[in-house]
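Residue numbers (our numbering): 1 to 362. Here a beta-carbon is modelled for each residue, glycine too, at the ideal position from N, C-alpha and C.
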DNA sequence: AAACCGGGGTG
DNA sequence: CACCCAGGTTT
């Protein structure tokens, strides 16, 4: 694996990036002090938020908790207050926990080896290596989103970098390319290149120090690499619901406080898997309450994409001729069409009702 | 509306 | 150990 030419090529890659970083990279970021506590805080903030936003939060956070000992001594609420607005509070809790672990396990001195750093909560391999190379001169490669993008393009690596196989290949590459010295500047160069030149959209290949050897550039495949996450196949969830109307109102049901659409108003759900079942269930639903509709009409489904599944809502329309004796209870109530606009409805239900009450005969 | 992203949780 | 998710923001 270590032919002379490959070693030379690796050294050249690193040397080229480090030269470029000296001239065109970022050197004035507030956490570029080589001081482990600040570097660590910035790395955690940068996992979730862009540099421009982090700068302000970082300054305030470091003013409030100037040292690792100060952070460890603070109570969790104070940490959360100063993280407030950044989101992802689990990371703030890990930061706080890790500060306390440094006090107890490492006597207050930030650990200096990748393995010890990685043993702290909220710090994985890549973040540990970044801290070790910036602060302790370690020759430890990182592999974050920026680096994955640079590698995929420069070396023409196909396949989604989130898969085990591609990620292992990239880690191996990261180790091969790691130079014998200048670990910090090289790591910074990779980060800067990914953040400022080899960006996801509209990469500035004319400003890239390794454009001359970039596979994506040569083949015009910058937009295809890295390969995107395969579209996840979201399971289809089919839900039948009763759309019970009078000429000027619609029956809505308050959903439970927990779970999907918690606390919002929606159509009463029918326990049914098929349209036939749903029809029967709708009739039974009405009969139990002493109601009679001329017919129950199955309307076209409305779809709504959730993170984890695709919802297809099939409305079964039943019309009552006029005001009904059927009284509301704690969860069911008649919503006047006139006030529908202000009701707390999930977006797809609102779409459905808007369409139905606009085109339906009132 | 979908993509993004390191670490942690889970099966 | 391999995969999947949560969580806000950006595109």
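Rounded straight-line distance, which links the Cα of residue j to that of residue i
i: residue 365; j: residue 96; result: As displayed, the chain neither begins before 1 nor continues past 362, which places residue 365 out of reach and without an answer.
i: residue 355; j: residue 239; result: 19 Å
i: residue 27; j: residue 62; result: 19 Å
i: residue 351; j: residue 318; result: 18 Å
i: residue 362; j: residue 144; result: Model confidence at residue 362 stands at a pLDDT of 37, short of 50, so the residue's coordinates are unreliable; what they give is reported in the following sentence. If you take the alpha carbons of residue 362 and residue 144, they lie about 58 Å apart.
i: residue 367; j: residue 254; result: Nothing can be reported for residue 367: it is not among the residues displayed for the chain, which extend from 1 to 362.
i: residue 218; j: residue 303; result: 42 Å
i: residue 124; j: residue 272; result: 46 Å
i: residue 3; j: residue 312; result: Caution applies to residue 3, whose pLDDT of 47 falls short of 50 and renders its modelled position unreliable; the value that the coordinates give is listed next. Rounded to the nearest angstrom, the two C-alpha atoms are 58 Å apart.
i: residue 131; j: residue 101; result: 17 Å
i: residue 74; j: residue 98; result: 13 Å
i: residue 172; j: residue 9; result: 15 Å
i: residue 146; j: residue 192; result: 9 Å
i: residue 65; j: residue 224; result: 43 Å
i: residue 335; j: residue 298; result: 21 Å
i: residue 347; j: residue 70; result: 46 Å
i: residue 176; j: residue 17; result: 15 Å
i: residue 261; j: residue 121; result: 33 Å
i: residue 133; j: residue 116; result: 14 Å
i: residue 57; j: residue 31; result: 12 Å
i: residue 200; j: residue 228; result: 11 Å
i: residue 360; j: residue 246; result: Low per-residue confidence applies at residue 360: pLDDT is 48, beneath 50, and the placement is therefore not dependable enough to give any value.
i: residue 19; j: residue 78; result: 42 Å
i: residue 34; j: residue 220; result: 38 Å
i: residue 1; j: residue 50; result: Confidence in residue 1 is poor, its pLDDT being 45 and thus under 50, which makes the residue's placement unreliable; the coordinate value appears in the next sentence. Rounded to the nearest angstrom, the two C-alpha atoms are 38 Å apart.
i: residue 89; j: residue 274; result: 42 Å
i: residue 210; j: residue 13; result: 8 Å
i: residue 190; j: residue 67; result: 28 Å
i: residue 300; j: residue 159; result: 39 Å
i: residue 29; j: residue 151; result: 25 Å
i: residue 174; j: residue 104; result: 33 Å
Whole-Å CB distance - residue i paired with residue j, under 8 Å assumed
i: residue 161; j: residue 226; result: 5 Å
i: residue 314; j: residue 338; result: That belief does not hold up - the Cβ atoms of residue 314 and residue 338 are roughly 27 Å apart, past 8 Å.
i: residue 344; j: residue 264; result: 5 Å
i: residue 129; j: residue 114; result: 6 Å
i: residue 135; j: residue 72; result: Rounded, the Cβ-Cβ distance is 18 Å, inconsistent with contact.
i: residue 353; j: residue 250; result: 7 Å
Short Cβ contact (8 Å threshold) for residue i with residue j
i: residue 316; j: residue 270; result: yes
i: residue 222; j: residue 208; result: no
i: residue 252; j: residue 267; result: yes
i: residue 87; j: residue 149; result: no
i: residue 237; j: residue 310; result: yes
i: residue 93; j: residue 76; result: yes
i: residue 282; j: residue 320; result: no
i: residue 11; j: residue 230; result: no
Discussion item. Across the region 203–219 and the region 286–301, are there enough close Cβ pairs to call them in contact, namely three or more that are closer than 8 Å?
Written reply: no
Worksheet item: Between the region 126–142 and the region 174–191, do at least 3 Cβ pairs fall closer than 8 Å?
Response: yes
Worksheet item: Is it true that the region 82–96 meets the region 42–52, where meeting means three or more beta-carbon pairs spaced less than 8 Å apart?
Response: yes
Item to complete: Entirely within the region 33–96 and at least 4 residues each: give me those alpha helix (DSSP H) ranges in chain order.
Response: 36–46, 51–64, 68–73, 76–83
Discussion item. Would the region 105–124 count as touching the region 147–160 if we require 3 or more Cβ pairs under 8 Å?
Written reply: no
Worksheet item: Okay, do the region 29–42 and the region 50–61 touch, 3+ Cβ pairs below 8 Å being the bar?
Response: yes
Practice prompt. Could I get the ranges of all uninterrupted beta strand (DSSP E) runs contained in the region 250–316, with 3 residues as the minimum, in chain order?
Written response: 296–298, 302–305
Worksheet item: Mind pulling the alpha helix (DSSP H) runs of 4 or more residues that sit fully within the region 92–142?
Response: 114–118, 125–136
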